[in-house]
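Sequential numbering of the sequence shown, starting at 30, is according to our numbering.
Structure record follows, encoded as structure tokens.
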Amino acid sequence: MINQNTIALVTGANRGIGKALVSALLNAGASKVYAGMRDTSSIGSQFSDARVVPIALDVTDAGQIEAAAAQASDTTMLFNNAGILDFGDILSAPMAAIEKNIATNFYGKLSMARAFAPVILSNGGGAIINTLTLVALASMPGLAVYNASKAAAWSMTQSLRASLAGQNIAVHGVFPGAVDTDMLVGLEMDKSSPQDVANAIVAGVQAGDEDIFPDPMAASVYEAWCADHKAVEKQFAAM
Numbered sequence: 030m031i032n033q034n035t036i037a038l039v040t041g042a043n044r045g046i047g048k049a050l051v052s053a054l055l056n057a058g059a060s061k062v063y064a065g066m067r068d069t070s071s072i073g074s075q076f077s078d079a080r081v082v083p084i085a086l087d088v089t090d091a092g093q094i095e096a097a098a099a100q101a102s103d104t105t106m107l108f109n110n111a112g113i114l115d116f117g118d119i120l121s122a123p124m125a126a127i128e129k130n131i132a133t134n135f136y137g138k139l140s141m142a143r144a145f146a147p148v149i150l151s152n153g154g155g156a157i158i159n160t161l162t163l164v165a166l167a168s169m170p171g172l173a174v175y176n177a178s179k180a181a182a183w184s185m186t187q188s189l190r191a192s193l194a195g196q197n198i199a200v201h202g203v204f205p206g207a208v209d210t211d212m213l214v215g216l217e218m219d220k221s222s223p224q225d226v227a228n229a230i231v232a233g234v235q236a237g238d239e240d241i242f243p244d245p246m247a248a249s250v251y252e253a254w255c256a257d258h259k260a261v262e263k264q265f266a267a268m
């Protein structure tokens, strides 16, 4: 449960879903939210609530992760949200782009989970919430680099859930559809607002949902995927 005893850390908190999650957590009553971001200089203009504590945090930097775990040693919930998106077909995208997406979207989340699981455990338990993506379930060719990194993170999320079973740490996977963030600027499609998605994530955590589909597109596609995942795969492959 998210309440006055909750002390959360949100990665990628400077924009998009991460920024909205900070607000959603404060509205839910969290007593403190560590806002992890690579550049903390703008924190004052983004969050005026004294419960928000900025942390300089690049999830690809082992030293910064270690320092964050020491500074935020009272954390009970990790919102593993930081991510990047590069476009490209799996056969033609530069290897550097693939490596960059894997480094942030997979290794970054894994490294944060490994650093903070002992912290959360020492504080009596809590939760780890990994922001994944709807297209981890079925890949769109133009997003193949991003798809692959997030699909790997989905598998890691399941492994993490199994490893932490019985240790009072819940593990949630979040599968947003199209969200109106900087990542999708220029793509014309129906998009949900980051705040609506963040509010739905918090509600899903409150409800104990292991897999959270926080917007209408995500919920609709997941329903279709459950009914016939091969049909959804073929539909996405044609996009």
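Even glycine gets a Cβ: it sits at the ideal position worked out from N, Cα and C.
Let me know the secondary structure DSSP gives residue i once reduced to three states.
{"i": "F108", "result": "strand"}
{"i": "M66", "result": "strand"}
{"i": "D225", "result": "helix"}
{"i": "I94", "result": "helix"}
{"i": "I46", "result": "helix"}
{"i": "I131", "result": "helix"}
{"i": "G117", "result": "strand"}
{"i": "D122", "result": "In the sequence as displayed, the identity of residue 122 is Ala instead of Asp. In the structure shown, A122 sits in coil (DSSP, three-state: anything other than H, G, I, E or B)."}
{"i": "K220", "result": "coil"}
{"i": "I230", "result": "helix"}
{"i": "V88", "result": "coil"}
{"i": "S140", "result": "helix"}
{"i": "S249", "result": "helix"}
{"i": "I31", "result": "coil"}
{"i": "F265", "result": "helix"}
{"i": "S13", "result": "No information on residue 13 is available, as it lies outside the stretch 30 to 268 that the chain covers here."}
{"i": "A101", "result": "coil"}
{"i": "S52", "result": "helix"}
Taking buried to mean at least 16 other C-beta atoms within 10 Å of its own C-beta, is residue i buried or exposed?
{"i": "N130", "result": "buried"}
{"i": "S188", "result": "exposed"}
{"i": "D244", "result": "buried"}
{"i": "M30", "result": "exposed"}
{"i": "I94", "result": "buried"}
{"i": "G195", "result": "exposed"}
{"i": "K48", "result": "buried"}
{"i": "L147", "result": "Note that residue 147 is Pro in the sequence shown, not Leu. The residue in question, P147, is exposed, as its Cβ has fewer than 16 Cβ neighbours within 10 Å."}
{"i": "S178", "result": "buried"}
{"i": "N34", "result": "exposed"}
{"i": "N32", "result": "exposed"}
{"i": "I263", "result": "It is Lys, not Ile, that sits at residue 263 in the sequence shown. With fewer than 16 other Cβ atoms within 10 Å, it is exposed."}
{"i": "K259", "result": "exposed"}
{"i": "M66", "result": "buried"}
{"i": "G41", "result": "buried"}
{"i": "N56", "result": "exposed"}
{"i": "S52", "result": "buried"}
Which residues does DSSP pair with residue i in a beta bridge?
{"i": "K61", "result": "I36"}
{"i": "P83", "result": "A64"}
{"i": "G240", "result": "Checking the sequence, you will find Asp at residue 240 rather than Gly. DSSP lists G202 as partners of D240."}
Compare the C-beta of residue i against all C-beta atoms of chain C and say whether one is closer than 9 Å.
{"i": "R190", "result": "Looking at the structure shown, chain C is missing, and only one protein chain is on hand."}
If you scan the region 142-217 from start to end, which runs of the alpha helix (DSSP H) of 4 or more residues do you find wholly inside it? 173-193
Counting pairs of beta carbons, one from the region 64-82 and one from the region 246-262, are three or more of them closer than 8 Å? no
Pairs of beta-carbons, one from the region 77-85 and one from the region 116-125, closer than 8 Å: are there three or more? The answer is no - the region 116-125 does not touch the region 77-85, with fewer than three Cβ pairs under 8 Å.
Quick check: the region 101-108 against the region 156-169, are at least 3 beta-carbon pairs closer than 8 Å? With three or more CB-CB distances shorter than 8 Å, the region 156-169 counts as touching the region 101-108.
Quick test of the definition: if touching needs 3 or more C-beta pairs under 8 Å, does the region 224-243 touch the region 196-210? yes
Inspect the CB distances between the region 166-173 and the region 136-146 and report whether three or more fall short of 8 Å. Verdict: no, contact absent.
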